[in-house]
Amino acid sequence: MDISGYRALFLLVILGFALLAASPLIGEIMPKKDTELFSEIWILGPDHNASGYPSVIKDGATNSIFIGGRNNMGETSYYMVYVKLLNSTFLIRDENISTTDFLDPLYEFKFLVGDGDAWEFPVTFRFEDLSFADDILSVGNINVNGINFPNKVYTLFNSEKDGFFFDLSFELWRYNIQNNVFEYDGRFVNLHLKLEIS
Amino acid sequence: MKFWSGFAFFLFFFLLSSFSISGVLAADKEDVAIVISNAESFMGETFESILLAEQSGADVSSLLDQMTVGGEYLSEANVMYRAGAYEDAVLFADLCIETVNEIRAESIELIGTAELNFNLTIFWSILGVILVSVVGYVCWRFFKKYFLEQS
């Protein structure tokens, strides 16, 4: 090998060591690889699995579920879950309705979750003082996680499904630091509940 | 006549007192809404500083549990407000601010530490590249001299 060949070899070795020395900085400034960014939300039944969801609700009986999800947004996220009650006369949740901004929530959860981490909260609920007249069922009190909401709510008799129904909806909202507000993340899970006067 | 004027007087004061009572309740409700709104802003701002610390490379996992406790207090404050328990709502909003206040200073410290670490990384990386270049050049000079002497 002549001197120019050795020079090239030396330059290659020096370049390799220089890259090695600069690797901590390169690691910091290299853009992260593109991945799909999204949030998850799910409901689990009282036994902590995807079965046994409450569906037929008796007056005064306490029902329990778990609401959970995962943050895949690539960074820590600040979430809020709104618990809303929907009735048959107003609306029962369908896929075409993207948000229920106009509906006041009953209950809410606010929490921070690191990237890739899961979250979960237990939820108990109870419908009390059910009364029925002229195809209308009224609920005198709703209890969510031990807190009473004594506002009367109504639902009409559903002749197709032969019963009185409410939807307990869980909406996922995420904090937007640009606007400094929570924004609906477009994800929700629902419990379709048939109420019975025992 | 005396009865009717007495009745009108009683009615006037009854209505006046009921207006003033509802006025006080309304003011209380508004005050509570302001306290909760302040707690909401405080949580939001602290979340921003945590996110900034995370983006600067700091490990913020230790702060998240405490922030979630703050979030639970804030949720309780909102729930109590909706249920009409205004005193409890204020109590929970104050607890939220108190809990989050401790984290806020810590997250700002983390941003400082992360920035310092980043600057140190830049310094050591540049120094490393310069050292490798200088040592490589010196080695090359020795090698070149040795090679030319041999040939």
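Taken in order, these protein sequences are the chains called A and B. Residue numbering for the first sequence follows the working numbering, starting at 1 and increasing by one per position. Residue numbering for the second sequence follows the working numbering, starting at 199 and increasing by one per position. Heads up, the beta-carbon is just placed ideally off N, CA and C, and yes, glycines get one too.
Can you say whether L214(B) is buried or exposed, counting buried as having 16 or more other CB atoms within 10 angstroms of its CB? In this prediction, L214(B) has a pLDDT of 42, which is less than 50 and means its spatial position is unreliable; nothing more can be read from the coordinates.
The alpha helix (DSSP H) with S4(A) in it runs from where to where? Note, S4(A): alpha helix (DSSP H), 3-29.
Shorter than 7 Å from the beta carbon of I232(B) to some beta carbon of chain A? Cβ-Cβ to chain A under 7 Å: no for I232(B).
Return the chain-ordered ranges of every alpha helix (DSSP H) run that is complete within the segment 251-315 of chain B and spans a minimum of 4 residues. Segments of the alpha helix (DSSP H) lying fully in the segment 251-315 of chain B: 259-281.
What is the DSSP secondary structure of T35(A), counted as helix, strand or coil? Note: T35(A) maps to coil in three-state DSSP.
Would you list, in chain order, the members of the segment 273-287 of chain B that have their beta-carbon closer than 8 Å to a beta-carbon of chain A? Residues of the segment 273-287 of chain B with a C-beta atom less than 8 Å from some C-beta of chain A are S273, N276, V277, M278, R280, A281, listed in chain order.
Local Cβ density within 10 Å of F132(A), reported as buried at 16 or more and exposed below that: Taking all protein chains shown into account, F132(A) has fewer than 16 neighbouring C-beta atoms within 10 Å of its C-beta and is therefore exposed.
Does the beta carbon of I306(B) sit closer than 7 Å to a beta carbon anywhere in chain A? Taking Cβ atoms only, chain A never reaches closer than 7 Å to I306(B), which makes this a no.
Pull up the distance between the alpha-carbon of V327(B) and that of E274(B), whole angstroms please. The straight-line gap from Cα to Cα measures roughly 55 Å.
Pairwise C-alpha distance: N141(A) and S55(A): Here the C-alpha atom of S55(A) lies approximately 18 Å from the C-alpha atom of N141(A).
N-terminal and C-terminal residue of the beta strand (DSSP E) that I136(A) is part of: I136(A): member of the beta strand (DSSP E) spanning 136-144, first to last residue.
Integer-rounded CB distance, given that M73(A) should sit under 8 Å from W173(A): Contact doesn't hold; Cβ gap of about 13 Å is too wide.
What residues of chain B sit near P24(A), judged by a beta carbon separation below 8 Å? The contact set of P24(A) on chain B, defined by CB atoms closer than 8 Å, consists of T319, W322, S323 in chain order.
Does the CB of L223(B) have a neighbour CB from chain A at under 7 Å? Residue confidence for L223(B) is low, a pLDDT of 45 falling below 50, so the modelled location carries little weight; the figure read from the coordinates is stated next. Any Cβ of chain A closer than 7 Å to the Cβ of L223(B) would place that residue at the interface, and such an atom is absent.
Give the straight-line distance between the Cα atoms of L25(A) and A8(A), rounded to the nearest whole angstrom. Distance between the alpha carbons of L25(A) and A8(A): 26 Å.
Is there at least one Cβ from chain A nearer than 7 Å to T311(B)'s Cβ? For T311(B), the answer is no, since every Cβ of chain A falls outside 7 Å of its Cβ.
Which residues in chain A sit within 9 Å of E262(B), going by Cβ to Cβ distance? Residue identity differs from the one stated: residue 262(B) is Leu in this sequence, not Glu. The contacting residues are T76, F111, L112, V113, G114, D117.
T62(A) in three-state terms, based on DSSP: Here T62(A) sits in coil by DSSP.
Measuring CA to CA, which of L11(A), T62(A), N71(A), Y82(A) is closest to Y184(A)? If we check each option's Cα against that of Y184(A), Y82(A) comes out closest.
Give me, in chain order, the residues of the same chain whose beta-carbon lies closer than 6 Å to that of F109(A); leave out the 5 immediate sequence neighbours on both sides. Once the five neighbours on either side are set aside, the close Cβ partners of F109(A) are V81, F121.
If you measure between the beta carbons of S77(A) and V113(A), is that distance less than 7 Å? In this structure, the beta-carbon distance from S77(A) to V113(A) falls below 7 Å.
Give a yes or no on whether the minimum CB-CB distance between N143(A) and chain B is below 7 Å. No, N143(A) does not count as interfacial toward chain B.
Is any heavy atom in the ligand NAP found nearer than 6 Å to the beta carbon of G326(B)? Among the components of this structure there are no ligands whatsoever, and the ligand NAP is therefore not found.
Take every Cβ of the segment 4-24 of chain A, pair it with every Cβ of the segment 49-63 of chain A, and state whether three or more of those distances are shorter than 8 Å. At 8 Å Cβ cutoff, the stretches do not touch.
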